[in-house]
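Novice: Here my numbering = 1-based position in the sequence shown + 9.
For reference, the structure I am asking about is given below.
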Amino acid sequence: MVSDEAVDICDELTRFSDAQAALLTSRSLVYLTDLKLDDGRHGTIVAASYADAESVARARGRGERVIGRMAHGFLHGLRRRLLRKVRGSMSMCA
């Protein structure tokens, strides 16, 4: 099982309530990432700009690539799928 700390590192939205995550996304502050793991896992980074998100991804040192900004309608279903996928995996994402 992946620890809560690892989930937080992979998906920064786990630190926020659904309402807070929706607000951050509506303000274009959430970026979707590809973690380059075997299962095609995605994560999120909360950042002020694409460049800042790329900097965070590089600092994690996992070959993570920023895909782009998340849209509000895309968030709700994706967040739940990401959490199930990350918490149900045996491999660490960070």
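Note that CB positions come from ideal geometry on N, CA and C, so glycine has one too.
Given the structure is predicted, the values throughout are model-derived calculations rather than measurements.
If you count every other CB in all the chains shown that lies within 10 Å of the CB of S12, and 16 or more means buried, which is it?
Specialist: Translated into the one-based positions of the sequence shown, residue 12 becomes position 3. Confidence in S12 is poor, its pLDDT being 48 and thus under 50, which makes the residue's placement unreliable; the coordinate value appears in the next sentence. Flag for S12 reads exposed.
Novice: State the start and end residues of the unbroken alpha helix (DSSP H) segment that holds A33.
Specialist: Locating residue 33 in the sequence shown gives position 24, where the first residue counts as 1. According to the sequence displayed, residue 33 carries Leu and not Ala. Taken as a continuous stretch (DSSP letters only), the alpha helix (DSSP H) holding L33 covers 27-35.
Novice: Per DSSP, L41 forms a beta bridge with which residues?
Specialist: Taking the sequence shown and counting its residues from 1, the one referred to as residue 41 is at position 32. According to DSSP, which records beta bridges pairwise, L41 is partnered with T53, G77.
Novice: Any idea what DSSP makes of T23, helix, strand or coil?
Specialist: Here residue 23 corresponds to residue number 14 of the sequence shown, with the count starting at 1. In the structure shown, T23 sits in a helix (DSSP, three-state: H, G or I).
Novice: Give me the Cα-Cα distance between R24 and T53, rounded to the nearest whole angstrom.
Specialist: Stepping through the sequence shown from its first residue, residue 24 is reached at position 15. Stepping through the sequence shown from its first residue, residue 53 is reached at position 44. If you take the alpha carbons of R24 and T53, they lie about 11 Å apart.
Novice: Residues in the same chain with beta-carbon distance under 8 Å from T42, minus the five sequence neighbours each way, listed in chain order, please.
Specialist: Position 33 of the sequence shown holds residue 42. Excluding sequence neighbours, T42 sits near H51, G52, T53, I54, A62, A66, E73, R74, V75, I76.
Novice: Ends of the alpha helix (DSSP H) at S58?
Specialist: Here residue 58 refers to the residue found at position 49 of the sequence shown. That residue, S58, is in no alpha helix (DSSP H); it is neither H nor E in DSSP.
Novice: Is it right to say D20 is buried, meaning 16 or more other beta carbons lie within 10 angstroms of its own, or is it exposed?
Specialist: For the purposes of this step, residue 20 is identified with residue 11 of the sequence shown, where counting begins at 1. D20 comes out buried.
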